[in-house]
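Read the structure below first, then the notes.
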Amino acid sequence: MIEPLTDLIRPAASPLTRRRFLSMAAVGASSAALAACTTTPREGADAAPAPSPKLAYYRDMYGAVVDQGYEIPAIPIDKVDPRYYRQEVRDPTGEAPGTIVVDTSNHFLYLVRERGRAMRYGVGLGRAGFEWAGRAVIEWKQPWPKWFPPAEMIERQPELEKYSADNGGMEPGLQNPLGARALYIFENGKDTLYRVHGSPEWWSIGKSVSSGCVRLMNQDAIDLYERVPEGSPILVTSGLATV
Numbered sequence: 016m017i018e019p020l021t022d023l024i025r026p027a028a029s030p031l032t033r034r035r036f037l038s039m040a041a042v043g044a045s046s047a048a049l050a051a052c053t054t055t056p057r058e059g060a061d062a063a064p065a066p067s068p069k070l071a072y073y074r075d076m077y078g079a080v081v082d083q084g085y086e087i088p089a090i091p092i093d094k095v096d097p098r099y100y101r102q103e104v105r106d107p108t109g110e111a112p113g114t115i116v117v118d119t120s121n122h123f124l125y126l127v128r129e130r131g132r133a134m135r136y137g138v139g140l141g142r143a144g145f146e147w148a149g150r151a152v153i154e155w156k157q158p159w160p161k162w163f164p165p166a167e168m169i170e171r172q173p174e175l176e177k178y179s180a181d182n183g184g185m186e187p188g189l190q191n192p193l194g195a196r197a198l199y200i201f202e203n204g205k206d207t208l209y210r211v212h213g214s215p216e217w218w219s220i221g222k223s224v225s226s227g228c229v230r231l232m233n234q235d236a237i238d239l240y241e242r243v244p245e246g247s248p249i250l251v252t253s254g255l256a257t258v
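Sequence positions in the sequence shown follow this note's numbering and run 16 to 258.
Given below as structure tokens:
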């Protein structure tokens with residue numbers, strides 16, 4: 016159930032305004048092995064849930080945004096299950112404030128806040144999203160990152176060779192599988208190849224799809240990016256009962 020409107024945090028990205036974001040280092044060599052965060056078919060995209068009583072509020076939150084020169088389109092939020100809208104909720108994790116918790120069983124990402132509260136985001140998960148679990152840190156983060164399909168993916172889909180590390184990767188943009196933002200997860204100083212990232216595929220939120228890491232709607236990825244500094248702890252778990 017969506018919490019009362021007074022508990023909600025206004026979106027970090029305002030509609031149709033250009034925002035300044037931190038300029039990050041270029042993607043390192045480890046990104047060449049980036050997990051296969053790629054596009055998925057729009058299955059079930061037209062199945063609309065019951066309308067939310069606060070639909071106008073969320074239409075504003077997920078409205079069109081101009082960000083660093085890229086025009087992110089509005090999300091047809093009435094076609095997204097309301098429980099996956101960005102909202103402040105009671106913290107179910109018990110983790111310290113500032114911790115990111117990805118609950119892969121329920122397709123939620125929590126950013127723990129003070130006083131027993133958390134920001135909750137809906138996420139989509141792919142194979143790579145289930146391949147790693149545990150505690151790590153956000154070693155670094157990138158606005159509008161390049162995408163480097165891993166060699167195994169290129170082997171299955173030779174048409175992606177043009178985006179290989181040797182060929183410079185896929186340039187940032189609206190069709191880039193990593194979307195508007197990417198958070199890179201390292202464990203004990205080593206890249207896990209696991210990312211939290213934006214995606215233009217709003218219809219995949221709340222679903223498990225054929226490929227990808229942990230994907231958020233681009234508007235949510237921008238919001239999370241602004242709230243999370245480098246070095247933030249992250250816990251990925253298959254269920255909060257195991258936390």
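Note that CB positions come from ideal geometry on N, CA and C, so glycine has one too. No experiment lies behind these values; they were computed from the predicted model shown.
Residue 70 burial status per 10 Å Cβ neighbour count (16 or more: buried): Within the sequence shown, numbered from 1, the residue matching residue 70 stands at position 55. By the neighbour-count rule (16 or more Cβ atoms within 10 Å), residue 70 is not buried but exposed.
Boundaries (first-last residue) of the beta strand (DSSP E) holding residue 115: Indexing the sequence shown from 1 puts residue 115 at position 100. Counting along the chain, the beta strand (DSSP E) containing residue 115 begins and ends at 115-118.
Three-state secondary structure assigned by DSSP to residue 248: For the purposes of this step, residue 248 is identified with residue 233 of the sequence shown, where counting begins at 1. Correct three-state label for residue 248: strand.
Sequence ranges, beta strand (DSSP E) only - wholly within the region 173-205, length at least 3: 196-202
DSSP three-state assignment for residue 240, whether helix, strand or coil: Residue mapping note: residue 240 aligns to position 225 of the sequence shown, counting from 1. Note: residue 240 maps to helix in three-state DSSP.
C-beta atoms of residue 184 and residue 231 nearer than 9 angstroms: The residue given as residue 184 occupies position 169 in the sequence shown. The residue given as residue 231 occupies position 216 in the sequence shown. Not a contact, by the Cβ cut-off of 9 angstroms.
Selection from 206, 98, 161, 103 that minimises the alpha carbon distance to residue 129: As a position in the sequence shown, residue 129 is number 114, starting the count at 1. Cα-wise, what sits closest to residue 129 is 103.
Own chain partners of residue 74 with C-beta closer than 7 angstroms, once the 5 adjacent residues on each side are dropped: For the purposes of this step, residue 74 is taken as the residue at position 59 of the sequence shown. So the qualifying residues of the chain are 92.
Residue 83 - DSSP class collapsed to helix/strand/coil: Walking along the sequence shown from the start, residue 83 turns up at place 68. Residue 83 falls in the coil class under three-state DSSP.
Pick from 200, 138, 180, 96 that is closest to residue 248, judged by C-alpha positions: Residue mapping note: residue 248 aligns to position 233 of the sequence shown, counting from 1. Closest by alpha carbon: 200.
C-alpha gap between residue 111 and residue 177, whole angstroms: Mapped onto the sequence shown, residue 111 falls at position 96. Mapped onto the sequence shown, residue 177 falls at position 162. The straight-line gap from Cα to Cα measures roughly 43 angstroms.
Endpoints, beta strand (DSSP E) assigned at residue 255: Along the sequence shown, read from residue 1 onward, the residue named residue 255 stands at position 240. Note, residue 255: premise wrong, no beta strand (DSSP E); not H, not E.
Contact under 9 angstroms by Cβ, residue 198 with residue 239: Here residue 198 corresponds to residue number 183 of the sequence shown, with the count starting at 1. Here residue 239 corresponds to residue number 224 of the sequence shown, with the count starting at 1. Yes, the pair counts as a contact, with Cβ atoms nearer than the cut-off.
Through-space distance from residue 167 to residue 85, alpha-carbon basis: Here residue 85 corresponds to residue number 70 of the sequence shown, with the count starting at 1. Here residue 167 corresponds to residue number 152 of the sequence shown, with the count starting at 1. Distance between the alpha carbons of residue 85 and residue 167: 30 angstroms.
For residue 156, three-class secondary structure by DSSP: Counting from one through the sequence shown, the residue named residue 156 turns up at place 141. Three-state result, residue 156: strand.
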